[in-house]
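S.K.: Residue numbers (our numbering): 47 to 177.
Where a beta carbon is used, it is the ideal one built from N, C-alpha and C, also for glycine.
Have a look at this one.
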């Protein structure tokens, strides 16, 4: 999935430098713009456009925007969490005993689905009625 994030600094003189981290790894920005602020100083903005690969394991990604400036002892960081929404796999129904049961007896049915974020809600129906 493709996503775009924008990070913008407060006015500073000299302008701040912005760096993006995605899942803790440094990535290059799509665009970096430094513009003069009406009230004085310089505003830096950086845009990150990135494609998250399809993966069964990834349900959330973190993107950090780090602003560094000569007057600051430490970078100022803002973290944005991206929730990866995925459709579940097809439901699989398993029936104990091959599906045969004596009238009045009990039958165990298990319905499962692989994946999905958020987790899917599975509902069983018998003759159009929820069981």
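Can you check which of these residues, 63, 130, 99 and 156, is closest to residue 117 by C-alpha distance?
M.R.: Within the chain shown, residue 117 is the residue found at index 71, counting from 1. Minimum Cα distance to residue 117 is reached at 63.
S.K.: So is residue 75 buried or exposed if we call it buried at 16+ other beta carbons inside 10 Å?
M.R.: Position 29 of the chain shown, counting from 1, holds the residue named residue 75. It counts as buried.
S.K.: Would you identify the three-state DSSP class for residue 110, choosing helix, strand or coil?
M.R.: Your numbering for residue 110 matches position 64 in the chain shown. Three-state result, residue 110: strand.
S.K.: According to DSSP, what are the bridge partners of residue 93?
M.R.: Residue numbering aside, residue 93 sits at position 47 when the chain shown is read from its first letter. BP columns for residue 93 point to 52 and 77.
S.K.: To the nearest angstrom, report how far apart residue 136 and residue 104 are at their CA atoms.
M.R.: Here residue 136 refers to the residue found at position 90 of the chain shown. Here residue 104 refers to the residue found at position 58 of the chain shown. Computed Cα separation, rounded: 19 angstroms.
S.K.: Between residue 171 and residue 93, what straight-line distance do the alpha-carbon atoms span, to the nearest angstrom?
M.R.: As a working note, residue 171 is residue 125 in the chain shown. As a working note, residue 93 is residue 47 in the chain shown. Near 48 angstroms, if we compare the C-alpha coordinates of residue 93 and residue 171.
S.K.: Straight-line CA distance for residue 124 to residue 176?
M.R.: What you label residue 124 is simply residue 78 of the chain shown in a count that begins at 1. What you label residue 176 is simply residue 130 of the chain shown in a count that begins at 1. Approximately 46 angstroms between the Cα atoms of the pair.
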